[in-house]
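*Asks:*
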Amino acid sequence: MKKLFAYLLPYIKPYWKWAILSLFLSFPLSAIKGIQAWLVKYVVEILTPHSSFKDALILSLALLGLALLNYPCRFFHFYLMRYVVDRAACLMRSDIYSKLQRLPLSFFVVKKSGTLVSNIINDTRTLSEGVKGSIDLFREPLTALVMFGTALYSDWQLTLVIIVVAPLFVMIFVKSGRLVRHNQEEVQEQLAGMTHNLSEGINGQKVAKAFNLQSYILKRFEWAQDLFFRYQMKTAAIEENAHPLVELVGALAFAGVIVFAHYRIKSGATSTGDFFSFVTALALMMDPLRKYSQANVKVNQARAAGERIYQIMKLPEEIDSGELAILEFKDKIEFERVSFSYGEGEILKDVSFTIKKGERIGLVGLSGAGKSTILYLLLRLYNITSGEIRIDGISINRYKLSDLRKIFGFVCQELFLFHDSVRENVSVGEKFSDQEIDRAIEISGAKEFVTSLPSGVDTIIGERGTRLSGGQCQRVTIARAVLKDPDILLFDEATSALDSESEKIVQAALDRWSLIDSTIDSKIDLGNKKTVVAVAHRLTTIKNYDKIIVMRDGEITESGNHQELMEMKGEYCRLYELGLRDHNR
7 MKKLFAYLLP YIKPYWKWAI LSLFLSFPLS AIKGIQAWLV KYVVEILTPH SSFKDALILS
67 LALLGLALLN YPCRFFHFYL MRYVVDRAAC LMRSDIYSKL QRLPLSFFVV KKSGTLVSNI
127 INDTRTLSEG VKGSIDLFRE PLTALVMFGT ALYSDWQLTL VIIVVAPLFV MIFVKSGRLV
187 RHNQEEVQEQ LAGMTHNLSE GINGQKVAKA FNLQSYILKR FEWAQDLFFR YQMKTAAIEE
247 NAHPLVELVG ALAFAGVIVF AHYRIKSGAT STGDFFSFVT ALALMMDPLR KYSQANVKVN
307 QARAAGERIY QIMKLPEEID SGELAILEFK DKIEFERVSF SYGEGEILKD VSFTIKKGER
367 IGLVGLSGAG KSTILYLLLR LYNITSGEIR IDGISINRYK LSDLRKIFGF VCQELFLFHD
427 SVRENVSVGE KFSDQEIDRA IEISGAKEFV TSLPSGVDTI IGERGTRLSG GQCQRVTIAR
487 AVLKDPDILL FDEATSALDS ESEKIVQAAL DRWSLIDSTI DSKIDLGNKK TVVAVAHRLT
547 TIKNYDKIIV MRDGEITESG NHQELMEMKG EYCRLYELGL RDHNR
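My numbering numbers the first residue of the sequence shown as 7 and each following residue consecutively.
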């Protein structure tokens, strides 16, 4: 319980006034129930053939008054409790999502996206339900205590029967709580697996339909669902076993009370009114005991969910030890004996080269050579194993991460578009004028198709840009990077997934933007040339670059411009001629 409170406290704290008010209202609610149970004695004793109308009226007004008082107390108690629970859940989700944004890229490579979605949606809901359960654990014992006091006041000797069976209630609560907490960890794991399978099936619909994989995907989902169902049923069995056990122990106590009460009434030790008052209190005490059992289950489920959330919240974040700001790129980028590994085998081995401001550098080689990794290291998506990368003579580790990434514009083959308008996908939450957005769209080569859309730049393009073609989506991502106006452009096989016609259009947009050929559109003036580092699979797209670096197995094998490399008759020449033959087929 102490650990659960430690999880919940930061999220309840902003709303502590409402939480305390909700807790405070537990007292009048419990007291009203106790008084109602006590008044049953007078209902039995007053409502006789010899009772007066005045007595009946006073009793009925007393009961009505209690009901009127109960109404606002109950409403605000439960409403405020739900307010605190739901607001706490919102804070939890925001905290986890914010934490995910600060985790290194390596975390997302090994972690299932469905598991993370489950953490944000399901675990937070379960943990927030623990807030409600914690309040129930306070209110229900309080109500039971008031009922116990009423029973004790009515007949203390009959109340001894309840005291005898009380240890059985405690045993049920402790045992069931421990079993639920242990099993709930597996329930949440399997729910995360099911969520992941669901996400995979929805996102992979094109491939699923193309390869007739609907049955396979359904089987994978049903397998994950069956696992979840099995563990869920284990929890259900524990929970549903605890409730009738509580009622069984209560019935046992009630049976003992009836036998003992018969003896006491017959001997004149207690009145019929006191007995009914006692029985009412005993009956009303069963409801808070049942609810306490349910709350106990919820709290233990919340503890398991809290552990899973805690495991995420304590993960090491993306390292940002930089203290220097970088406002612009002025001179050169230097790789000095840089090595890097993702964990198994070196991806880059002792790589050294220099990129001067305004240069266009191409990176070529077979798959797995380490080309894209160089771009990732420049963006500090990963940290190098050894060596040093410097920008303007200063190690990139000394620059603040957010400032460092501002000087880069990154365009890759993996498209990332929101289910929103073209405008929002280009501006991504920042404020830009219509003229600035139009200019970025024009430079990216997207103006023609954007103006033909039903609502122009305000047209919703669908999830991941499903209402656009691949080339159109790529041009929207280029417009996004253009609007940022960075000093250094990083192209990671930006046209590899496109057909020849789309590739020409997108490549022209990239060239226009970087001023590789400023005559493409003489009306557009971007000022000085951009520095470009491009990973290319079609070598014709970079043949006019200032320098081309050829890589194999994480090492630089050749370097020079197109003409120099062709004269070497080495790896680049072979790849270039092979590419030409494939293009001419």
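Backbone N, C-alpha and C fix where the C-beta goes; we use that ideal spot for every residue, glycine too.
Just so we're clear, the structure is a prediction, and the values are computed from it rather than from any experiment.
1) Could you check which residue in Pro173, His568 and Ile244 has the C-alpha nearest to that of Ile367?
2) Count the other C-beta atoms from every protein chain shown that fall within 10 angstroms of the C-beta of Glu340, then say buried if there are 16 or more, exposed otherwise.
3) Using CA coordinates, which residue listed in Phe113, Lys304 and Leu69 is at the minimum distance from Val186?
4) Can you give me the Cβ contacts of Asn125 inside the same chain, cut-off strictly under 8 Å, excluding the 5 residues immediately before and after it?
5) Is it true that the segment 570-582 meets the segment 541-558, where meeting means three or more beta-carbon pairs spaced less than 8 Å apart?
6) Say whether the segment 383-395 touches the segment 554-567, bearing in mind that this needs 3 or more beta-carbon pairs closer than 8 Å, one atom from each stretch.
7) Going straight from the alpha carbon of Val91 to that of Tyr77, what length do you get?
8) Kindly indicate which three-state DSSP category Asp531 falls into: helix, strand or coil?
9) With 16 as the cutoff for other CB atoms within 10 Å, does Leu571 come out buried or exposed?
10) How about Ala310 and Thr130: do their beta carbons lie closer than 9 Å?
11) With a 10 Å radius around its C-beta and 16 neighbouring C-beta atoms as the bar for buried, classify Phe30 as buried or exposed.
12) For Leu6, count the other beta carbons within 10 Å of its own beta carbon; 16 or more makes it buried, fewer makes it exposed. Which is it?
13) With a threshold of 8 Å, are at least 3 pairs of Cβ atoms found where one atom belongs to the segment 431-448 and the other to the segment 481-491?
14) For a quick check, are the C-beta atoms of Pro43 and Thr121 less than 9 Å apart?
15) In three-state DSSP terms, what is Leu118?
16) Report buried or exposed for Pro20, applying the criterion of at least 16 other Cβ atoms within 10 angstroms of its Cβ.
17) Let me know if Tyr578 comes out buried or exposed under the rule of 16 or more other beta-carbons within 10 Å of its beta-carbon.
18) Considering only the beta carbon of each residue, do Val357 and Gly560 sit closer than 9 Å?
19) Quick one: Cα of Glu228 to Cα of Val541, how far?
20) Between the segment 222-236 and the segment 152-171, do at least 3 Cβ pairs fall closer than 8 Å?
21) Just the C-alpha distance for Gly136 and Ser283, rounded to the nearest angstrom, thanks.
22) Pick helix, strand or coil for Leu421, following the three-state DSSP scheme.
23) Helix, strand or coil, according to DSSP, for Val434 in the structure here?
24) Thinking C-beta only, is Ala301 closer than 9 Å to Ser182?
25) Spatial neighbours of Asn189 within its chain, please: CB distance less than 8 Å, with the 5 preceding and 5 following residues excluded, ordered by chain position.
26) Are at least three pairs of beta-carbons, each pair with one atom in the segment 396-408 and one in the segment 324-343, less than 8 Å apart?
27) For Tyr17, which residues from the same chain have a beta carbon less than 6 Å from its beta carbon, with the 5 sequence-adjacent residues on both sides left out?
28) Taking 9 Å as the cut-off, decide whether the C-beta atoms of Asp498 and Ile413 are in contact.
29) CB Ile466 to CB Met291, shorter than 9 Å?
30) Using only alpha-carbon positions, find the residue among Ile443, Ser32 and Ala500 that is nearest to Leu143.
31) Do you know how far the Cα of Ile41 is from the Cα of Lys47?
32) Can you give me the Cβ contacts of Ala25 inside the same chain, cut-off strictly under 6 Å, excluding the 5 residues immediately before and after it?
33) Which whole-angstrom value is the C-beta distance of Leu321 and Leu109, which I expect to be below 8 Å?
*Replies:* According to the data block:
1) Counting from 1 along the sequence shown, the entry for residue 367 is found at position 361. Of Pro173, His568 and Ile244, the residue nearest in Cα terms is His568.
2) Counted from its first residue, the sequence shown places residue 340 at position 334. Counting of Cβ neighbours within 10 angstroms places Glu340 among the buried residues, the total reaching 16 or more.
3) Stepping through the sequence shown from its first residue, residue 186 is reached at position 180. Taking only the C-alpha atoms, the option nearest Val186 is Lys304.
4) Indexing the sequence shown from 1 puts residue 125 at position 119. Once the five neighbours on either side are set aside, the close Cβ partners of Asn125 are Ile102, Ala198, Arg314, Ile315 and Ile318.
5) yes
6) no
7) As a working note, residue 91 is residue 85 in the sequence shown. As a working note, residue 77 is residue 71 in the sequence shown. C-alpha separation (whole angstroms): 21 Å.
8) Indexing the sequence shown from 1 puts residue 531 at position 525. Legend: pLDDT at Asp531 = 41, less than 50; position of this residue unreliable, value from coordinates given subsequently. Looking at Asp531 - three-state DSSP - the assignment turns out to be coil, as it is neither helix nor strand.
9) Taking the sequence shown and counting its residues from 1, the one referred to as residue 571 is at position 565. When all chains shown are included, Leu571 counts as buried.
10) Translated into positions along the sequence shown, residue 310 becomes position 304. Translated into positions along the sequence shown, residue 130 becomes position 124. It is not a contact, given that the beta carbons lie outside the stated cut-off.
11) Taking the sequence shown and counting its residues from 1, one reaches residue 30 at position 24. Exposed.
12) No information on residue 6 is available, as it lies outside the stretch 7 to 591 that the chain covers here.
13) yes
14) Position 37 of the sequence shown, counting from 1, holds the residue named residue 43. Position 115 of the sequence shown, counting from 1, holds the residue named residue 121. According to the sequence as given, residue 43 is Ala; it is not Pro. Their beta carbons are not under 9 Å apart, which means Ala43 does not touch Thr121 by this criterion.
15) Here residue 118 refers to the residue found at position 112 of the sequence shown. Before going on, a small fix: residue 118 reads as Lys here, not Leu. Three-state DSSP puts Lys118 in coil, outside helix and strand.
16) Sequence index remark: in the sequence shown, residue 20 carries index 14 (1-based). Result: exposed.
17) One-based indexing of the sequence shown puts residue 578 at position 572. Result: buried.
18) Taking the sequence shown and counting its residues from 1, one reaches residue 357 at position 351. Taking the sequence shown and counting its residues from 1, one reaches residue 560 at position 554. For Val357 and Gly560, yes; Cβs fall inside 9 Å.
19) Looking up residue 228 in the sequence shown gives position 222. Looking up residue 541 in the sequence shown gives position 535. If you take the alpha carbons of Glu228 and Val541, they lie about 41 Å apart.
20) No, because fewer than three Cβ pairs between the segment 222-236 and the segment 152-171 fall closer than 8 Å, the two stretches do not touch.
21) Stepping through the sequence shown from its first residue, residue 136 is reached at position 130. Stepping through the sequence shown from its first residue, residue 283 is reached at position 277. Cα to Cα, Gly136 sits roughly 34 Å from Ser283.
22) If you number the sequence shown from 1, residue 421 lands on position 415. Reduced to three states, the DSSP call for Leu421 is coil.
23) For the purposes of this step, residue 434 is taken as residue 428 along the sequence shown, with counting starting at 1. Note: Val434 maps to coil in three-state DSSP.
24) Counted from its first residue, the sequence shown places residue 182 at position 176. Counted from its first residue, the sequence shown places residue 301 at position 295. Contact: no.
25) Along the sequence shown, one-based indexing puts residue 189 at 183. Closer than 8 Å at the Cβ level, and outside the excluded window around Asn189, lie Tyr237, Lys240, Thr241 and Ile244.
26) yes
27) Your numbering for residue 17 matches position 11 in the sequence shown. Closer than 6 Å at the Cβ level, and outside the excluded window around Tyr17, lie Ala94, Leu97 and Met98.
28) For this step, residue 498 is matched to residue 492 along the sequence shown. For this step, residue 413 is matched to residue 407 along the sequence shown. Contact flag unset, no.
29) The residue you call residue 466 lines up with position 460 of the sequence shown. The residue you call residue 291 lines up with position 285 of the sequence shown. Not a contact, by the Cβ cut-off of 9 Å.
30) Taking the sequence shown and counting its residues from 1, one reaches residue 143 at position 137. Considering only alpha carbons, the answer is Ser32.
31) Within the sequence shown, residue 47 is the residue found at index 41, counting from 1. Within the sequence shown, residue 41 is the residue found at index 35, counting from 1. Those two C-alpha atoms are separated by around 10 Å.
32) For the purposes of this step, residue 25 is taken as the residue at position 19 of the sequence shown. Result list for Ala25: Ile18 and Val90, in chain order.
33) The count along the sequence shown starts at 1 and reaches residue 321 at position 315. The count along the sequence shown starts at 1 and reaches residue 109 at position 103. Contact flag correct, Cβ pair sits at about 6 Å.
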